[in-house]
Amino acid sequence: MKDKTDVLQGTLALMVLKTLDVLGPLHGYGIARRIEQISGDLLSVNQGTLYPLLLKLEQEGSIASEWGASENNRKARFYSLTRAGRKQLHAETQGWQQTASIIDRFLTAKAGDFS
Amino acid sequence: MKSLRRFLRRAFALSRSREEDRLSREIEDHLGHQTAENIRSGMSPEEARRQAILKFGAIEATREAWRDQRSLPFFETLLSDTRLALRRLRNAPAFTFTAILTLALAIGATTAIFTLVYAVALKSLAVANPDQLLRLGKESRCCYWGGYSQAGEFSIVSYDLYKYLRDHTHGFSELAAFQAGGSGFGARRSGTSDPAHPYPGEFVSGNYFRMFGVNAYAGRLLVPSDDQPHSAPVAVMSYRLWQERYGSDPSVIGSIFDLNNKPVAIVGIAPPGFFGDKLRDASPDFFVPLNQAPYLEPANSLNEISTHWLDLIGRIQPGIRSQSVEASMRVALKQWLRSHWSEMTANERTEFDHQTLFLMPGGSGITSMRDQYNHWLEILMLVTALVLLIACANIANLLLVRAIQHRRQISLSMALGARPARLVRQTLTESLLLAISGGIAGLVVAFFSTHLILQFVFPRIPGLAAIPIDASPSLPVLLFAFGVSMLTGIGFGIVPAWLATRIDPIEALRGANRAIGDRATLPRQSLVVFQAALSLVLLSASGLLFAALHHLEHLDLGFDADRRTVVNIDAKLAGYQPDQLTRLYRRIRESLASVPGVAAVGIGDYSPMNGNNWSSAIAAEGRPAPGPNDNSFASVDRVTPGFLEAIGNPIVSGRSISERDTDSSPLAAVVNQAFAAQFFPHQNAIGRHFGIHGPGSEHEYEIVGIARNARYVTYGLDRPVAPFYFRPEAQHDRDPQTGFPEVDPTHYLHDIVITSQPGAHVSETQIRKALAKVDPNLPVIAVFSLSYQISSHFRQQRLIARLTSFFGLLSLALCCIGLYGVTAYNATQRTAEIGIRMALGADRAEILQLVFRGAVLLVGLGLLAGLPLAWASGSFLGKQLYGTDPHNLWVISIAVAALSLSAAIAALLPALRASSISPLDALRSE
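Chain order of the listed sequences is R and Y. The numbering of the first sequence is my numbering, which starts it at 1 and goes up by one. The numbering of the second sequence is my numbering, which starts it at 1001 and goes up by one.
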């Protein structure tokens, strides 16, 4: 169980960064919604776990946050990507793609490929 | 970089707790969005909200994760635990006050003793790189030693031997020599009319300051060229004297001072804080080159090749091992001894092979004070440690009671999911907080008690330097106090903390009073047993010390201390030459005898029990020469006619020292009974002869009288009086080779003893006036009664006895409080049982017995455990008991009785209360 959440934590951060990169400043609910839409039911995380992660990313300087008015005119906390966050996203995307392609090649390889 | 930024942000967040509602608002916002979304998809508003919350997950868990993320959870918890602990302690002021007071006393006492231990045993000299210093000798010897052999090791050297070792030892960058004893100088600024004032001084080699690596505060310090036979007389003054007596007057430097009436130029001021080469109660105020000794002190040992009076400290060259320096110095010693083969006695030649020397770390200087005080500091350190343990046990007991009171609260927290580790932390935070507050209060206690102890043991003589021990806490002392506080906090906090988590929440919440009660009883009872055992040890130790003190104070000293006044003088300080002394002393005696109320006057090198001692090996007529291991030593005093009479030391046969003993008459001596019995057994010693210059000198002295045994020296009080003899002041020893009169320092007598007539009072003013009539420049160093001199010798013993008994009583009180608490608590726990028993017909006496029995059992166990320890403590006290029985059954019985009686009272009170309860009330209590 614990291992799974650890993996999720790492990927979740990447998802948050990508979401903010694509959609621009968003509040917490918006981010959660977007991740849910894209990943479907595959990722059924508690929405609550998002908030400690947002705080961590903010402390690390990848994202920034400020109070603003949401669409229904409520006061909401909006998160946006910083320049450092964009760099991080870039680096982590590359890393992720590399890992994914290696794993992919590994998993699709047949016995004869290794001879 | 990223983690550093995060850490800083989190640390910063510690101070901002308002941030907390940011999350609440975000969550509220989030749930609002989700609810609206759900409503849009057709749910009822209640259902929509419910689903939103479900989807969000555990809000409290999120909050906690967020909080952990936001700042540093460890410190956050620490802060909140501290706040909680402070609140709890504020709510129990009586408990807090008692605990902190107990701790302050215990930690304060331990810290005070540690301050002394640190200063006396561990602290380095105020010099550069003390770790590079090596000193000669495993033990320090004072002040003179004659001959070419020393027992065990050569630890004190003559000037000639110093020069030889300095020039033939490899590996020292400097090797300095200085007086093993001290010198007093009568000092005054030249050209002023002030009388000379006595100040402590020291003869040191010219490289003394260079070896220590200290620099002058003003002017210059001594250099080797000052220490040549024909150098101009110079001296260095202490910073203290310069500042206190001369107001830091710069004109002192370069000016001429009269030391012992001889002009000496002051070339500079030693640095502040420099207290010389050893810790002592009055540090030297004048440092004078060794080669000025003949100029300033008529009777000195500078050029006596086999009189050893110098201590050595050297600075080792970098990269050289101390063993190789030691080896090189041993060779040099043997070479030197070999070169004096012809002057050695037969015994010294047989001892030649055993002569060796040792080099020890010298950073603490000459540790004579350590040798002197180590054992009593050890005793006090152990005593205070025991008190600290007892105090810890008591506070642990109080905390246990509190833990029982808090058990409902704790079970509630546990039922709500608090982790046990967290609860242990909370309780520990509380006890550490108590311990640290106690430690801070303890530092104050320590400061004042160190001050008191210092004043008591080393009373400052006005005008002289105080002992360089600072009562205010230094860094090591602060660290020590902090360490002790933390240890005690953990020590008394860990058991209650552990027990607190061993609650079964369900049972505790159900309200059954016995859930934790039963489990906590065992540790609480063991604590009482432990306390009783330690108290017994402390009580019997203080009893033994008091018995020893009583023994000392009522020792038959063999002379009369009443109506005797001692006047310290030093004619050397006024520049008297040896041939003027006899006349001076006669005039002093005549002048004092004419003072109304004076019955007798005598002058001696030292009065009984003033701490001084001279001794020499005796060659007795008609006895074979003593072998190297025979104890042939006898102590000696040099006295004027009338001294023995003034002291009240009766002559049992023959005559006393009288006016007949002049420099032209044969050398006479009065010996004590022990001397006669040892050297002339089974015969009449009167008319027999003995000598002090080794074999061949047996006919030097004729015994003219035998005095009753009396205690003149301050050691060996636990043994029979040792051989002692008295020499007339007016007679000089003859050099065995040349036959010329010898000048030795004992001719400068130090103590006038004045006996007043019964009922008469002779005032200090009268005495000073009578002395001023003889010579207004003669320094009178001090005037006090002989009984004061004797009792001040027991000051140390009295202090230890008093401190130990104070701590003993304190521990007794703590133990009784502990016992009272346990008994009262048990009685309350058993209220219902008592009610049932009474309802079934038990009478009050039975109930009383029931409650009382438990307490008696605990104390009984404590006594059993404590008895062997108390027995052992007697052996540990050892020589501090001055030969009194270390396993004094009386003392141990009294300690047992005192403990039992106080414990009985402490247990009886709650037992009485329990037995007086009405059965109805008792039954209703649950």
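Think of the CB as a built atom: it goes at the ideal place given N, C-alpha and C, for glycine as much as any other residue.
Beta carbon of residue i nearer than 9 Å to that of residue j
i	j	result
leucine 1310(Y)	leucine 1290(Y)	yes
aspartate 1751(Y)	aspartate 1744(Y)	no
leucine 54(R)	glycine 28(R)	yes
leucine 1428(Y)	methionine 1414(Y)	no
alanine 1813(Y)	leucine 1388(Y)	no
leucine 1464(Y)	valine 1639(Y)	no
glycine 1543(Y)	serine 1805(Y)	yes
Backbone secondary structure at residue i - three-state DSSP
i	result
valine 1721(Y)	coil
histidine 1340(Y)	coil
tryptophan 1309(Y)	coil
lysine 75(R)	strand
proline 1596(Y)	coil
proline 1318(Y)	coil
proline 1496(Y)	helix
alanine 1421(Y)	helix
arginine 1913(Y)	helix
tyrosine 1606(Y)	coil
threonine 1115(Y)	helix
proline 1695(Y)	coil
alanine 1830(Y)	First, the amino acid is wrong: residue 1830(Y) is arginine here, not alanine. It is coil, neither helix nor strand.
Residue i to residue j span [Cα, whole Å]
i	j	result
leucine 1357(Y)	phenylalanine 1447(Y)	41 Å
histidine 1168(Y)	alanine 1332(Y)	6 Å
alanine 1112(Y)	phenylalanine 1876(Y)	22 Å
tyrosine 1585(Y)	valine 1783(Y)	17 Å
threonine 19(R)	valine 1477(Y)	60 Å
serine 1149(Y)	tryptophan 1614(Y)	18 Å
isoleucine 1189(Y)	proline 1272(Y)	Correcting the residue type first, residue 1189(Y) is arginine in the shown sequence and not isoleucine. If you take the alpha carbons of arginine 1189(Y) and proline 1272(Y), they lie about 21 Å apart.
glutamate 1430(Y)	arginine 1010(Y)	25 Å
glycine 1314(Y)	alanine 1760(Y)	56 Å
glutamine 1789(Y)	glycine 1648(Y)	16 Å
glycine 1874(Y)	alanine 1187(Y)	48 Å
tryptophan 1068(Y)	tryptophan 67(R)	The amino acid occupying residue 1068(Y) in the given sequence is aspartate; tryptophan does not appear at that position. Distance between the alpha carbons of aspartate 1068(Y) and tryptophan 67(R): 22 Å.
alanine 1441(Y)	leucine 1101(Y)	8 Å
leucine 1136(Y)	tryptophan 1376(Y)	25 Å
alanine 1865(Y)	leucine 1454(Y)	36 Å
Residue closest to residue i, alpha-carbon to alpha-carbon, out of the options
i	options	result
isoleucine 1301(Y)	Thr1111(Y), Lys1055(Y), Glu1742(Y) and Arg1583(Y)	The sequence shown places serine at residue 1301(Y), not isoleucine. Answer by Cα proximity: Glu1742(Y).
arginine 1220(Y)	Pro1229(Y), Ser1238(Y) and Met1344(Y)	Ser1238(Y)
tyrosine 1162(Y)	Ala1839(Y), Tyr1208(Y), Ile1752(Y) and Lys1138(Y)	Tyr1208(Y)
glycine 1268(Y)	Asp1258(Y), Arg1280(Y), Phe1287(Y) and Ala1839(Y)	Phe1287(Y)
asparagine 1303(Y)	Ser1322(Y), Pro1779(Y), Ser1158(Y) and Leu1864(Y)	Ser1158(Y)
glutamate 36(R)	Val1223(Y), Lys1055(Y), Asn1888(Y) and Glu1076(Y)	Lys1055(Y)
proline 1284(Y)	Pro1198(Y), Ser1594(Y), Pro1919(Y) and Gln1132(Y)	Pro1198(Y)
Residues of its chain near residue i, where Cβ-Cβ distance is below 6 Å and the 5 sequence neighbours each way are ignored
i	result
glycine 1691(Y)	Ala1619, Ser1697, Glu1698 and Glu1700
valine 1529(Y)	Leu1858, Leu1861 and Gly1862
threonine 1823(Y)	Ala1855, Ala1907 and Pro1910
tyrosine 1373(Y)	Val1120
phenylalanine 1546(Y)	Ala1801
valine 1851(Y)	Ala1827, Ala1911 and Ala1914
methionine 1211(Y)	Glu1174, Ala1176 and Arg1315
glutamine 97(R)	none
serine 1607(Y)	Val1566, Asp1751 and Val1753
leucine 1889(Y)	none
serine 1449(Y)	Ala1112
aspartate 1281(Y)	Phe1458 and Ile1467
Neighbourhood of residue i by C-beta distance below 7 Å, restricted to the same chain and skipping five residues each side
i	result
serine 1231(Y)	Ser1225, Pro1289 and Asn1291
arginine 1063(Y)	Leu1023
asparagine 1038(Y)	Ala1048, Gln1051 and Ala1052
tyrosine 1217(Y)	Tyr1239, Ile1269, Ala1270, Pro1271 and Pro1272
Cβ-based neighbour list, residue i, same chain, cut-off 8 Å, excluding 5 preceding and 5 following
i	result
glutamate 1702(Y)	Pro1666, Leu1667, Ala1668, Ala1669, Gly1687, Arg1688 and His1689
proline 1250(Y)	Ala1218
glycine 1146(Y)	Ser1306, Thr1307, His1308 and Ser1616
Residue-level contact to chain B via CB, residue i, 9 Å cutoff
i	result
threonine 1062(Y)	In the structure shown, chain B does not exist; the protein chains are R and Y.
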